[in-house]
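Numbering (the numbering used here), first residue to last: 477 to 791.
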């Protein structure tokens with residue numbers, strides 16, 4: 477990207493005035509969300525990323541490779557790379573033993589062991605700014621953000637570009653989006669309706685320590701088709717959204733720690749009832765002692781991932 481263009485983009489972001497209060501309030505992304513998803517408040521984690529993209533543009537404040545953390549291997553395909561032991565100089569790969577569970581574990585009053593890794597997803601660029609940065613050209617991305625070719629960060633960017641370009645699995649629809657508006661539009665197009673509700677896990681970005689949590693309430697998200705959107709490693713927010721026609725259910729599960737004063741957290745959860753086309757090496761099969769096509773696999777969504785579903789008829 478030419479230096480002049482980059483300076484223009486930085487100036488566009490730096491010139492925006494942040495509206496204080498709820499993170500992201502007053503931004504074009506927040507107004508779009510309210511218009512597109514009435515009655516479905518923007519999750520705090522997403523609003524925070526919107527505000528960060530306004531106050532501290534990734535174009536002006538590059539972040540180091542240590543900030544790019546892999547996801548928790550939640551795709552159907554299971555990227556084998558996320559199961560490789562990391563080099564000694566990098567952070568440990570996220571533990572997935574506390575992410576996957578069986579549907580019966582969501583019964584009210586049940587206890588479940590939960591652990592979710594810390595996450596520092598990239599900030600959302602304003603839609604008009606993101607639209608001026610060509611996505612998919614790795615050489616341009618490395619030059620724009622001064623990332624050394626062959627570095628760990630460059631490898632992660634390469635994986636994101638490759639995953640976004642890869643064709644969907646049989647029976648799957650997928651898309652990558654580089655703005656929050658693009659994420660919402662991708663989800664509504666896949667679902668084929670504008671009556672859409674959104675959910676995200678309300679946990680801190682520092683993750684959840686491995687502990688026993690008590691299920692306080694379980695509520696179905698509604699509908700029979702769902703779109704999950706996962707944050708991918710990139711200097712600015714890139715989300716990979718996918719939907720499968722195979723049977724699944726989505727829930728919002730309220731869990732609370734066992735100590736007095738522990739807060740109750742609403743967690744977005746997705747259960748897959750047909751895993752016949754999943755990679756046999758997927759960690760969920762080992763953790764839940766099942767196999768492709770076996771018993772259903774459920775999982776919580778990590779910090780700042782999004783889940784979309786059709787609204788209930790009376791909503």
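Ideal Cβ positions, reconstructed from N, Cα and C, are used throughout, including at glycine.
As the structure is a computational prediction, the values presented were derived from the model and not from experiment.
Open item on the list: Looking only at its chain, what residues have a beta carbon closer than 6 Å to the beta carbon of residue 734, apart from the 5 residues adjacent to it on each side?
Closed with: If we look at residue 734 and ignore the five residues flanking it on each side, its Cβ neighbours are 688.
*asked:* Less than 8 Å between the beta carbons of residue 782 and residue 702, yes or no?
replied: Between residue 782 and residue 702, the C-beta spacing is not below 8 Å.
*Straight-line gap, residue 762 to residue 594 (C-alpha atoms, nearest Å)*: Going from the Cα of residue 762 to the Cα of residue 594 covers about 23 Å.
When the Cβ atoms of the region 657-669 are set against those of the region 738-749, are three or more pairs found closer than 8 Å?
Short answer: they don't touch.
When the Cα of residue 786 is compared with those of 697, 654, 574 and 599, which residue comes out closest?
Checking every option, the nearest Cα to that of residue 786 belongs to 697.
- What residue from 765, 749 and 711 has the CA that sits closest to residue 532's CA? Nearest of 765, 749 and 711 to residue 532, Cα basis: 711.
**Study point:** DSSP bridge partner residues for residue 640 (one or two, in chain order)
**Key:** Answer is none; residue 640 lacks a bridge partner.
query: With a CB to CB cut of under 8 Å and the five nearest residues on each side skipped, what residues in its chain are close to residue 576?
result: Non-local C-beta neighbours of residue 576 in its own chain, meaning closer than 8 Å and more than five positions away in sequence, comprise 759, 760, 763, 764, 773, 774 and 775, ordered along the chain.
- Message: Let me make sure I understand the geometry here. Which of 704, 606, 736 and 752 has the alpha-carbon closest to that of residue 667?
- Response: Per the Cα distances, 704.
- Message: So, for residue 788: in the same chain, excluding its five sequence neighbours on each side, which residues have a beta-carbon less than 6 Å away from its beta-carbon?
- Response: The residues are 698.
* CB-CB under 8 Å to residue 731, same chain, minus the five flanking residues each way: which ones, in chain order? -> Within the same chain, and ignoring the five residues on either side of residue 731 in sequence, the residues whose Cβ sits closer than 8 Å to its Cβ are 588, 590, 689, 690, 691, 692, 740, 741 and 743.
| said: Give me, in chain order, the residues of the same chain whose beta-carbon lies closer than 6 Å to that of residue 719; leave out the 5 immediate sequence neighbours on both sides. | reply: Short of 6 Å from the beta carbon of residue 719, and not among the five residues preceding or following it, lie these beta carbons of its own chain, in chain order: 649, 666 and 703.
Span of the alpha helix (DSSP H), counted from its first residue to its last, around residue 721 | First-last for residue 721: undefined, no H or E at that position.
*From the DSSP output, which residues share a beta bridge with residue 731?*
When DSSP reads this structure, residue 731 sits in a beta bridge with 691 and 741.
*Counted within 10 angstroms of its Cβ, other Cβ atoms place residue 600 as buried (16 or more) or exposed*: Residue 600 is buried by the Cβ-count criterion.
ask   = Where does the unbroken beta strand (DSSP E) through residue 588 begin, and where does it stop?
value = Per DSSP, the continuous beta strand (DSSP E) segment holding residue 588 begins and ends at 587-592.
Limits of the beta strand (DSSP E) - the one that residue 614 falls within: No beta strand (DSSP E) holds residue 614; the alpha helix (DSSP H) holding it covers 614-620.
> In its own chain, which residues sit with a C-beta less than 6 Å from the C-beta of residue 738, not counting the 5 before and 5 after it?
Replying inline: Excluding residues within five positions, the ones whose Cβ falls inside 6 Å are 732.
> Is the number of C-beta pairs between the region 508-523 and the region 668-684 that are closer than 8 Å three or more?
Replying inline: Contact between the region 508-523 and the region 668-684 is present, because at least three Cβ pairs lie under 8 Å.
**Report entry** DSSP bridge partner residues for residue 715 (one or two, in chain order)
**Finding:** DSSP links residue 715 through a beta bridge to 653 and 707.
Requested in this report: With distances taken Cα to Cα, identify the nearest neighbour of residue 707 among 530, 652 and 622.
Outcome: Shortest Cα-Cα distance from residue 707 to any of 530, 652 and 622 involves 652.
- request: Could you tell me which residues DSSP puts in a beta bridge with residue 782?
  value: Its beta-bridge partners are 705.
Distance, Cα to Cα, residue 780 vs residue 686? Roughly 19 Å separates the two Cα atoms.
Buried or exposed by the 16-neighbour rule on C-beta atoms within 10 Å, applied to residue 721: Counting Cβ neighbours within 10 Å, residue 721 comes out exposed, since fewer than 16 surround it.
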